[in-house]
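In the UniProt record's numbering, the protein residues as written are 1 to 113. Glycine included, every Cβ here is placed at the ideal spot set by N, Cα and C.
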């Protein structure tokens, strides 16, 4: 068994005001914690991994190719493999949550996706 606390890992600022931490992982999935400050944007991208997540604070707008979806604290979401998406914190509150990726994803490299 592996136990990983957010206090035990380094947070990386992937793009301005978007912070990611890779937490526990296994052969077929891993968990990441994220924090997105007000006004910050995760650029449009896709990846081979399926992604499911849960918001613990704030409100996040996912911008998909054909629509926008607002996710609030207490909501979960799922993105399919290669589903192109961006995410924007349009509110005044910091967004926090966790994502699970399968297969595991190390760290976002949005410049190359």
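**Report entry** Distance, residue 66 Cα to residue 11 Cα
**Finding:** 32 Å
Requested in this report: Can you tell me the Cβ-Cβ gap for residue 55 and residue 35, rounded? I've got them flagged as a contact below 8 Å.
Outcome: Their Cβ separation, rounded to whole angstroms, is 11 Å, which puts residue 55 and residue 35 out of contact at 8 Å.
**Report entry** DSSP beta-bridge partners of residue 4
**Finding:** Paired residue(s): none; residue 4 is not in a bridge.
Requested in this report: Would you kindly work out how many angstroms separate the C-alpha atoms of residue 74 and residue 57, rounded to a whole number?
Outcome: 8 Å
**Report entry** Where residue 15 sits in the DSSP three-state scheme
**Finding:** strand
Query raised in the report: Based on Cα-Cα distance, which residue from 25, 2, 39, 21 lies nearest to residue 33?
Result: 21
Query raised in the report: Should residue 18 go down as buried or exposed, given a rule of 16 or more other Cβ atoms within 10 Å for buried?
Result: buried
Report task. Consult DSSP for residue 38 and reduce its assignment to one of helix, strand or coil. Result -> coil
Query raised in the report: Is DSSP giving residue 49 helix, strand or coil here?
Result: coil
**Report entry** Coarse secondary structure for residue 113, derived from DSSP in three states
**Finding:** In this prediction, residue 113 scores a pLDDT of 41, lower than 50, which makes its location untrustworthy; the coordinate-derived value is nonetheless stated afterwards. Correct three-state label for residue 113: coil.
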